[in-house]
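K.L.:
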């Protein structure tokens, strides 16, 4: 998943958590404009530490797997629980 593809998932999780964009940006220490660009797929790159903080506030984490590899059962179950496709 690319950063551009991640944006809508972050928005969905933010809304599910009942957080405004300003609240998430304050909690993660990330500028609200940056968060808006991320969610709206207009942010070409973002530092790892900032993205990690945004994900942590939402209870999400990075996961690494081989490119083109099939998702594990655990991946599918986690995505299903979060309502991701």
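Numbering (our numbering), first residue to last: 11 to 95. Cβ atoms here follow ideal geometry from the backbone N, Cα and C, with glycine treated the same way.
Here's the rule: buried if 16 or more other CB atoms are within 10 angstroms of the residue's CB, otherwise exposed. What is residue 35?
P.N.:
buried
K.L.:
Flag this pair as touching only if the stretch 27–44 and the stretch 56–69 have three or more C-beta atom pairs under 8 Å; answer yes or no.
P.N.:
Under the Cβ criterion (8 Å, minimum of three pairs), the stretch 27–44 counts as touching the stretch 56–69.
K.L.:
Exposed or buried, which one is residue 17 when buried takes at least 16 other CB atoms within 10 Å?
P.N.:
Buried is the call here.
K.L.:
Spatial neighbours of residue 51 within its chain, please: CB distance less than 6 Å, with the 5 preceding and 5 following residues excluded, ordered by chain position.
P.N.:
14 and 17
K.L.:
For residue 19 and residue 56, what's the separation of their Cα atoms in angstroms?
P.N.:
16 Å
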